[in-house]
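In my numbering, the protein residues as written are 126 to 327. Every residue, glycine too, gets a C-beta built ideally from N, C-alpha and C. Structure record follows, encoded as structure tokens.
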């Protein structure tokens, strides 16, 4: 469909953070982390901005030329990290220090994140509401998955709702079989994709 994609830089940080805020503010997980809507409106953009900072510093952000969609990726090496990941605590400290849920969601997803093989981790993908359904998400993800297939690298993500889970299944991801269950809240679906032609896909 001729979508123009480029890699985001530091100058795009605010554009990406605003997009993440707009797209995820009413997502089931964000609504659980920040149940009061007025409070969510005040702090959610700061919370999502931490994701942008992590991807800019440690991974990559692919975005459409017009800034209406972005995918945040990290390359995760094999093996358990040497130190405990301080990202969940940092997100809480920066965005909403009195809200333990701002840290807990990262702790729970981190607890089930696979570490036995190196993989590409789709941290977040966002498409602005007025452009959803146009194939932008698939267009952003496809080049990375093609690279994964060429290099024999798996990919991983957490789907935060049933609709996105269906999209990821069409791209070759499969539910790992163990949901992330937020206390008195929604489920998240960890999903894994074997590289095409690897012989051990699901």
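In this structure residue 196 is buried. Its beta-carbon is surrounded by 16 or more other beta-carbon atoms within 10 angstroms.
In this structure residue 186 is buried. Its beta-carbon is surrounded by 16 or more other beta-carbon atoms within 10 angstroms.
Along the length of the region 197-252, whole beta strand (DSSP E) runs at least 3 residues long occupy 244-252, reported in chain order. A check of alpha carbon separations from residue 183 across 259, 306, 247, 262 identifies 247 as the nearest. Here DSSP, grouped into helix, strand and coil, assigns residue 132 to strand. DSSP places residue 312 in the uninterrupted beta strand (DSSP E) bounded by 312-318. The beta carbon of residue 175 is closer than 6 Å to those of 216, 219 in its chain, skipping five residues each way along the sequence. Counting other Cβ atoms within 10 Å of its Cβ, residue 249 reaches 16 or more and is therefore classed as buried. For residue 271, the enclosing alpha helix (DSSP H) has its first and last residue at 261-276. Taking a contact to require three or more Cβ pairs closer than 8 Å, the region 202-211 and the region 142-150 do not qualify as touching.
Runs of alpha helix (DSSP H) with 4 or more residues, each lying fully within the region 145-182, are found at 153-158, listed in chain order. Rounded to the nearest angstrom, the Cβ distance from residue 128 to residue 252 is 11 Å, too far for a contact under 8 Å. The alpha carbon of residue 285 has as its nearest neighbour, out of 239, 270, 192, 158, the alpha carbon of 158. With a contact defined as Cβ atoms closer than 8 Å, residue 202 and residue 243 qualify at about 5 Å. Taking 9 Å as the cut-off, the beta carbon of residue 294 is found closer than this to the beta carbon of residue 316.
Burial of residue 318 is indicated by the presence of at least 16 other C-beta atoms within 10 angstroms of its C-beta. Measuring C-alpha to C-alpha distances from residue 225 to each of 322, 267, 308 identifies 308 as the nearest.
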